[in-house]
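One line per chain: the protein sequences are A and B, in this order. Residue numbers for the first sequence, in the numbering used here: -16 to 203. Residue numbers for the second sequence, in the numbering used here: 114 to 322. Every residue gets a Cβ at the ideal spot worked out from N, C-alpha and C, and that includes glycine. First up is the structure itself, then whatever we jot down about it.
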Amino acid sequence: MMAELKVVLNNPDQAITREQDLIARVQRGENELFYELVRPYERRVYAAAFAILRNETDAEDVAQEAMLKAFANIRQFRAEARFSTWLIQITVNEALMRRRRERTIVMEGIDERRDEESDYAPRDFADWREIPSEALERKEVRQRLAEALASLDRKYREVFVLRDMEQLNIQETAEALGISVASVKTRLLRARLMLRDLLAAGWEQGWFSRLPFEKGSKPW
Amino acid sequence: MVANCELVWREVSNYVDGEVDPPLRSAMDEHFQSCPRCRSVLEGMRNVIGLYGDERMMEAPAGFGRRLENRLAQSVRISRSRWSSWSAWLVPVAALALITGAIRFASSLTVEHPLQSEHAQQSKGIPPDMIVVVSTDAKVFHVPGCEFVHNKNTERTLTAKEAMQQGYVPCLRCMRKYLETASASPASVDEDAASEAALEDAKETVRGR
Chain A
-16 MMAELKVVLN NPDQAITREQ DLIARVQRGE NELFYELVRP YERRVYAAAF
34 AILRNETDAE DVAQEAMLKA FANIRQFRAE ARFSTWLIQI TVNEALMRRR
84 RERTIVMEGI DERRDEESDY APRDFADWRE IPSEALERKE VRQRLAEALA
134 SLDRKYREVF VLRDMEQLNI QETAEALGIS VASVKTRLLR ARLMLRDLLA
184 AGWEQGWFSR LPFEKGSKPW
Chain B
114 MVANCELVWR EVSNYVDGEV DPPLRSAMDE HFQSCPRCRS VLEGMRNVIG
164 LYGDERMMEA PAGFGRRLEN RLAQSVRISR SRWSSWSAWL VPVAALALIT
214 GAIRFASSLT VEHPLQSEHA QQSKGIPPDM IVVVSTDAKV FHVPGCEFVH
264 NKNTERTLTA KEAMQQGYVP CLRCMRKYLE TASASPASVD EDAASEAALE
314 DAKETVRGR
């Protein structure tokens, strides 16, 4: 899986042509190629569902349902859109419908107004240290980051996941979640600042203390 | 225009996304030069975006891919038997047309954003003559072939310098290596060399695991 992903990332042009070819063939009825088409995005689809549902079983079920829906609607897909964005939007829609069916969140409106009006002052860290991307090779680092993300309120977490992890643009994020562009920007600011504070605090608490790059003063 | 810390904290996310107007961008650039705290906020935010945007952060439970493949395979078999008959083929399609409304928005993704900014983000690590691509859908420039280019059919090629002059900001993914250089606080040559050596050490350790 990772090897294939690296191939895709290293040869993006080739990968895009390959994807367009696969889409056209599935649209013409070569259904058995559908899994090959969506396989590079399966973890992104799962992550989008999980960000909204916070439950592994529900997220997996919704991810599968979303893929089936994409398969059933593949002829509606227009070439000028990004296929990954299309898949993620279907997934978010499915996940939101599932959540609406299963829960009623009464206090949401009041809660949103309060949080979006108040300013957030980022913490001042005397010794800000960047976490290099190589650190992501470590499972414990990925876990710490996932925990930090999970600690955010739902409204901040969802916007952050769609914009910064799923790579939707601001307009697409707003449409997917059914909120305004202004709300996306406000929540994104808050989410990014809070995560920056959490990660910087994590340094201070020794979250990343066993990582090899911590040797020496400032390795980056 | 002068930007104070509170203003910078409110706008730093928009700054990273290329969503602030030219006078504010200039004021913020100036502020970042003189305020270490706000610079650490900017660098920290870029660090957050870079880390969480990494594919390695996308994890699914063990066996997820296999279970998905099985479920899709079942569905493909069912649809193939139905699709063998034209009249039967119409039934699922008609049913699906009903749910298509829910995802109709997904097929209207093309949103035209006029480009306003005339000032470029601090991107001194990017070679000015480097060939980059931009599209009408975002105020971000990319390495050709970057998978995060939105609306690829409007893609056009230009130099990094031109892109910055036209107000585009670098993609935090494909331009990461240049931004890491550009956003680092002023450091001596020796420190830079030490940084690279330490990074190499880290990579070696990761490879050697």
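Residue i to residue j span [Cα, whole Å]
i: Trp190 (chain A); j: Val161 (chain B); result: 15 Å
i: Asp134 (chain B); j: Tyr128 (chain B); result: 9 Å
i: Gly166 (chain B); j: Glu120 (chain A); result: 14 Å
i: Tyr18 (chain A); j: Leu185 (chain B); result: 7 Å
i: Ile244 (chain B); j: Ile(-1) (chain A); result: 19 Å
i: Thr272 (chain B); j: Arg286 (chain B); result: 18 Å
i: Thr169 (chain A); j: Val189 (chain B); result: 42 Å
i: Glu63 (chain A); j: Gly238 (chain B); result: 32 Å
i: Gly178 (chain B); j: Arg22 (chain A); result: 8 Å
i: Glu132 (chain B); j: Asn152 (chain A); result: 12 Å
i: Gln59 (chain A); j: Arg159 (chain B); result: 36 Å
i: Glu130 (chain A); j: Val282 (chain B); result: 30 Å
i: Ser248 (chain B); j: Cys259 (chain B); result: 12 Å
i: Met171 (chain B); j: Ala30 (chain A); result: 6 Å
i: Val9 (chain A); j: Val144 (chain A); result: 29 Å
i: Lys52 (chain A); j: Phe261 (chain B); result: 24 Å
Closer than 9 Å at the beta carbon, the chain B residues around residue i
i: Ala133 (chain A); result: The premise fails here: Ala133 (chain A) is roughly 12 Å from chain B at the closest Cβ pair, so nothing lies under 9 Å.
i: Lys168 (chain A); result: Ser126, Asn127, Asp130, Glu132
i: Asp102 (chain A); result: Glu119, Trp122, Arg123
For residue i, the residue or residues it bridges with in DSSP
i: His255 (chain B); result: B:Val246
i: Thr270 (chain B); result: B:Val246
i: Pro283 (chain B); result: B:Phe254
Any chain A beta carbon closer than 7 Å to residue i
i: Ser153 (chain B); result: yes
i: Ser298 (chain B); result: Residue confidence for Ser298 (chain B) is low, a pLDDT of 42 falling below 50, so the modelled location carries little weight and cannot support an answer.
i: His144 (chain B); result: no
i: Ile162 (chain B); result: yes
i: Ala116 (chain B); result: no
i: Glu268 (chain B); result: no
i: Phe254 (chain B); result: no
i: Arg138 (chain B); result: no
i: Gly176 (chain B); result: no
i: Tyr165 (chain B); result: yes
i: Ala276 (chain B); result: no
i: Met158 (chain B); result: yes
Where residue i meets chain B, residues with beta-carbon distance less than 8 Å
i: Glu123 (chain A); result: The premise fails here: Glu123 (chain A) is roughly 12 Å from chain B at the closest Cβ pair, so nothing lies under 8 Å.
i: Leu119 (chain A); result: Leu164, Asp167, Arg169, Met170
Closer than 7 Å to chain B by CB, residue i
i: Tyr24 (chain A); result: no
i: Met177 (chain A); result: no
i: Arg1 (chain A); result: no
i: Ala207 (chain A); result: Any answer about residue 207 (chain A) is impossible in this case: the structure gives chain A only from -16 up to 203.
i: Trp190 (chain A); result: no
Contacts that residue i makes with chain A (C-beta to C-beta distance below 7 Å)
i: Tyr128 (chain B); result: Chain A residues near Tyr128 (chain B): none, gap ~10 Å exceeds 7 Å.
i: Arg179 (chain B); result: Correct list: empty, because the minimum Cβ distance to chain A is about 10 Å.
Chain-ordered chain D contacts of residue i [CB-CB under 8 Å]
i: Ser188 (chain B); result: Given the protein chain composition of this structure (A and B), no chain D is represented.
Partner residues on chain A for residue i, Cβ-Cβ distance less than 9 Å
i: Leu271 (chain B); result: Residues of chain A passing the Cβ test: none, with the nearest at roughly 18 Å.
Residue i: contacting residues in chain A (beta-carbon distance under 8 Å)
i: Met171 (chain B); result: Arg26, Arg27, Tyr29, Ala30, Met148
Partner residues on chain B for residue i, Cβ-Cβ distance less than 7 Å
i: Gln47 (chain A); result: Leu181, Arg184
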